[in-house]
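I have placed the structure first, in the form of structure tokens, so that the comments after it can refer back to it.
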Amino acid sequence: MTIFKACLKILLKNKVLLCIYFGIFVLMSMSMLSNKADNEELSFEKKTVKVSVINEDDSAYADSLIKYLKDNSNIVEIVESDEGISDALFYRYTEYVIKIPKGFGEAVSNNNRVSIDKYEVTGSYSGVFMDNMINEYIAKMKIYGPDVPDKVETTVNMKGREKNESNAVYAFNFTAYAIMAIIIFGVGALIAAFNQREIKMRNSISPVSEVKLGIYQILCSFLYTVVIWGLLVAVIAFALRNEGTSTATYYMILNMFVFCVSSLALGFFISTIIKSVNGRTIAANVIALGFSFIGGVMVPLNVLSSEVKIIGSFTPAYWFVSANEMLNEALEFGFGDIALVWRNMGIELLFAAAFLAAGLAAKRHMAA
1113 MTIFKACLKI
1123 LLKNKVLLCI
1133 YFGIFVLMSM
1143 SMLSNKADNE
1153 ELSFEKKTVK
1163 VSVINEDDSA
1173 YADSLIKYLK
1183 DNSNIVEIVE
1193 SDEGISDALF
1203 YRYTEYVIKI
1213 PKGFGEAVSN
1223 NNRVSIDKYE
1233 VTGSYSGVFM
1243 DNMINEYIAK
1253 MKIYGPDVPD
1263 KVETTVNMKG
1273 REKNESNAVY
1283 AFNFTAYAIM
1293 AIIIFGVGAL
1303 IAAFNQREIK
1313 MRNSISPVSE
1323 VKLGIYQILC
1333 SFLYTVVIWG
1343 LLVAVIAFAL
1353 RNEGTSTATY
1363 YMILNMFVFC
1373 VSSLALGFFI
1383 STIIKSVNGR
1393 TIAANVIALG
1403 FSFIGGVMVP
1413 LNVLSSEVKI
1423 IGSFTPAYWF
1433 VSANEMLNEA
1443 LEFGFGDIAL
1453 VWRNMGIELL
1463 FAAAFLAAGL
1473 AAKRHMAA
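Residue numbers (my numbering): 1113 to 1480.
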């Protein structure tokens, strides 16, 4: 009990910085989720998408599709070249480019599989909407021919990614920064306090053995980690209180706990090699921000280059975010269906084991 009280005093001594980290996370999470909810429209039935069409097929079917797109979207003219398409998408002159290939009409009339080249703004819901809308209209043309009757409605509903799931993965991904900053600093403060030379000398003559003291330190650090995990889950639950929960959400909570364990081990390693408070504070900030930027927390994974993703894969944050993204896209949640999610969580635990082993090796080396 005495050791637990000592750990509590150490945390209270650092409460200002810990509260600052937690407050930053709460404010940024609420602000970003609020902006996301205001700016995001998942219903595109009344939205005009900027579409560009490159027609290489001289057929009534191609003309019918183009007429349909003109009636249901905002047609934008662009330079019909690879560079022109890239520039138009980059500068958002258009959101979606469709290239109707030669033989399109023949394929539709023969009820064959239709292949259409398309280019879109990365991560845009407009692209998903246009894909569904075009596929639906092509299906109608296969039934009625190029002259689809006006009475036949082509209704497209966006069902793939529900708003609560999108917001959930967005919120859970952002917790990675707070988890690393708060746990690395807090655990580092707990462990480093007992590693001070004067404290170690005093404890060496106490009735508490070094092994027992180490066990208590681990328990205190783990309890602290669980409390932080619970507080962050509570914040997310409050932020998404009107969104409901899903099976994916519960898996994300589990994934967050695994990531907390990995951050706990990282905090132990850092506290072993960095003795000063200022040094640990700087390390916590640099690691939390650095891992967040290359791991897909601050910048979405689909925006990062392949080179950055390779570098990011050497951090537990990358596997944490990647698992959340997989859960967001999952349709079924049997073990086989989300095997890659379990693999990612396993990799996070391997990082925890590696950090723990490195910390123990460093501790033994310094004691020698």
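Glycine is no exception: its CB is placed at the ideal position from the N, C-alpha and C atoms.
Tell me the residue span of the alpha helix (DSSP H) that contains residue i.
{"i": "Ile-1422", "result": "1418-1424"}
{"i": "Tyr-1363", "result": "1359-1385"}
{"i": "Gly-1402", "result": "1389-1406"}
{"i": "Leu-1413", "result": "No alpha helix (DSSP H) contains Leu-1413, which DSSP labels as neither H nor E."}
{"i": "Ala-1435", "result": "1428-1441"}
Hey, residue i and residue j: beta-carbon distance below 9 Å or not?
{"i": "Gly-1471", "j": "Ala-1395", "result": "no"}
{"i": "Met-1292", "j": "Ala-1400", "result": "yes"}
{"i": "Ile-1296", "j": "Phe-1134", "result": "no"}
{"i": "Lys-1162", "j": "Thr-1206", "result": "yes"}
{"i": "Ile-1187", "j": "Val-1165", "result": "yes"}
{"i": "Val-1409", "j": "Asn-1285", "result": "yes"}
{"i": "Trp-1431", "j": "Asn-1397", "result": "no"}
{"i": "Met-1253", "j": "Tyr-1203", "result": "no"}
{"i": "Phe-1403", "j": "Ala-1429", "result": "yes"}
{"i": "Ile-1327", "j": "Gly-1298", "result": "no"}
{"i": "Ile-1423", "j": "Leu-1439", "result": "no"}
{"i": "Val-1420", "j": "Tyr-1363", "result": "no"}
{"i": "Ala-1283", "j": "Ala-1360", "result": "no"}
{"i": "Ser-1383", "j": "Ile-1330", "result": "no"}
{"i": "Leu-1413", "j": "Ser-1434", "result": "yes"}
{"i": "Lys-1229", "j": "Ile-1255", "result": "The question names Lys, yet the displayed sequence has Asp at residue 1229. Their beta carbons are not under 9 Å apart, which means Asp-1229 does not touch Ile-1255 by this criterion."}
{"i": "Val-1233", "j": "Tyr-1208", "result": "yes"}
{"i": "Ala-1290", "j": "Ile-1385", "result": "no"}
{"i": "Ile-1212", "j": "Asp-1169", "result": "yes"}
Buried or exposed: where does residue i fall if 16 or more other Cβ atoms within 10 Å of its Cβ makes it buried?
{"i": "Asp-1150", "result": "For Asp-1150, the predicted model reports a pLDDT of 49, less than 50, meaning its position is unreliable; a value from the coordinates is still stated below. Exposed: under 16 other Cβ atoms inside 10 Å."}
{"i": "Tyr-1336", "result": "buried"}
{"i": "Gly-1458", "result": "exposed"}
{"i": "Ser-1418", "result": "exposed"}
{"i": "Pro-1261", "result": "exposed"}
{"i": "Val-1128", "result": "exposed"}
{"i": "Leu-1177", "result": "buried"}
{"i": "Ile-1197", "result": "buried"}
{"i": "Ala-1464", "result": "buried"}
{"i": "Cys-1372", "result": "buried"}
{"i": "Thr-1427", "result": "buried"}
{"i": "Glu-1460", "result": "buried"}
{"i": "Asn-1436", "result": "buried"}
{"i": "Ala-1251", "result": "exposed"}
{"i": "Ile-1132", "result": "exposed"}
{"i": "Val-1415", "result": "exposed"}
{"i": "Thr-1160", "result": "exposed"}
{"i": "Leu-1392", "result": "At residue 1392 the sequence reads Arg, which differs from the Leu that was named. Arg-1392 should be labelled buried."}
{"i": "Leu-1352", "result": "buried"}
Kindly indicate the opening and closing residues of the beta strand (DSSP E) around residue i.
{"i": "Lys-1214", "result": "No beta strand (DSSP E) contains Lys-1214, which DSSP labels as neither H nor E."}
{"i": "Ser-1164", "result": "1162-1167"}
{"i": "Asp-1229", "result": "1229-1232"}
- Query: Looking at C-beta atoms only, is the number of pairs between the region 1331-1351 and the region 1367-1384 that lie closer than 8 Å three or more?
  - Reply: By the Cβ test, the region 1331-1351 is in contact with the region 1367-1384, since at least three Cβ pairs between them sit closer than 8 Å.
- Query: Below 8 Å, can you find three or more Cβ-Cβ pairs linking the region 1213-1226 to the region 1181-1197?
  - Reply: Output reads no: the region 1181-1197 does not touch the region 1213-1226.
- Task: For the region 1171-1213, list the beta strand (DSSP E) runs that are entirely contained and at least 3 residues long, ordered along the chain.
- Result: For the region 1171-1213, the full-length beta strand (DSSP E) segments reaching 3 residues or more read 1208-1212 along the chain.
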